[in-house]
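Colleague: Under the numbering used here, the first residue of the sequence shown is numbered 53, with each subsequent residue one higher.
Backbone N, C-alpha and C fix where the C-beta goes; we use that ideal spot for every residue, glycine too.
Given the structure is predicted, the values throughout are model-derived calculations rather than measurements.
Provided herewith is a single structure, encoded as structure tokens, for subsequent inquiry.
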Amino acid sequence: MGEGEFDPSGDRTVSSELSGVLPVDFLAFHSQHHRVYLHYAHLQLGARRIAVDVVDDVFTFLLKVWPQVLRQESLHGFAWAVLREHVERRLAVLDRPVAMVETAWFAALRRTSRKRLELLESKLGLYAAIADLPERHYDVMVLTYLAGLEGELVAQLMGIAPATVRSHIRTARRVLARRIGLDWVPGEEKEQ
């Protein structure tokens, strides 16, 4: 597996020595969210090694402030904001834009045949249009369509209501349809 590839089986688990010392609720949160956080960070940063470092930093920070995290109105929303902040900070340090367009395109390229290459090239425009969406719409589209998560899980991860996820999808699809000239069929997103 190359430097830029996402390996879902590469999920890190907390070592057995630490599992008896760390709060059980933190361990459960880590176990449930690490893989998705890593996938999201990898899409944004373009390099798995950098994504792993950022996600490790996120969980280290969350652990340091875990009692305060538990008092937040939305634990998931707070943690998602911490992830976004860490990713954005790393992008600023690297002085480069979000890598999602290239990362998603190359991942799709690895999964496709030569016959489907033309269709894939049209996806490049879609990925670029997704990258221009407002923050919340962008996250929902990345998690739903690029990471392949169900709307309920996206809502939980981001600390928002499932109806909000559906609303963001509808709005984003309308915007994307206008930007790249696709026909948008209202109601399609209900399947998510």
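Mind checking which residues open and close the alpha helix (DSSP H) that includes L191?
Modeller: Reading the sequence shown from its first residue, position 139 is the one you call residue 191. A small correction: the amino acid at residue 191 is Asp; Leu does not occupy that position in the sequence shown. First-last of the alpha helix (DSSP H) with D191: E187 to M193.
Colleague: One question on the structure: do D109 and H138 come within less than 9 angstroms of each other, judged by their Cβ atoms?
Modeller: Within the sequence shown, numbered from 1, the residue matching residue 109 stands at position 57. Within the sequence shown, numbered from 1, the residue matching residue 138 stands at position 86. Contact: yes.
Colleague: Ordered along the chain, which non-local residues of its own chain (more than five positions away) have a Cβ less than 6 angstroms from that of L201?
Modeller: Start at 1 with the first residue of the sequence shown, and residue 201 comes out as number 149. Excluding residues within five positions, the ones whose Cβ falls inside 6 angstroms are L195.
Colleague: If I follow the unbroken alpha helix (DSSP H) through P119, where does it start and stop?
Modeller: Along the sequence shown, read from residue 1 onward, the residue named residue 119 stands at position 67. Here the alpha helix (DSSP H) through P119 covers W118 to L122.
Colleague: Leaving out five residues before and five after I182 in sequence, what residues of the same chain have Cβ atoms less than 6 angstroms from its Cβ?
Modeller: As a working mapping, residue 182 is identified with position 130 in the sequence shown. So the qualifying residues of the chain are M193.
Colleague: Between the C-alpha atoms of P75 and A213, what's the straight-line distance to the nearest angstrom?
Modeller: By 1-based counting over the sequence shown, the position of residue 75 is 23. By 1-based counting over the sequence shown, the position of residue 213 is 161. Their Cα atoms are separated by approximately 27 angstroms.
Colleague: Near V104, what residues of its chain come up, given a Cβ to Cβ distance below 6 angstroms and the 5 sequence neighbours on each side ignored?
Modeller: Locating residue 104 in the sequence shown gives position 52, counting from the first residue. Nothing meets the Cβ criterion.
Colleague: Would you report the Cα separation of A80 and Y92, rounded to the nearest angstrom?
Modeller: The residue given as residue 80 occupies position 28 in the sequence shown. The residue given as residue 92 occupies position 40 in the sequence shown. A80 and Y92: Cα-Cα distance of roughly 19 angstroms.
Colleague: Reducing DSSP to helix, strand and coil, say where A213 ends up.
Modeller: Numbered from 1 along the sequence shown, position 161 holds the residue referred to as residue 213. Coil at A213, not helix or strand.
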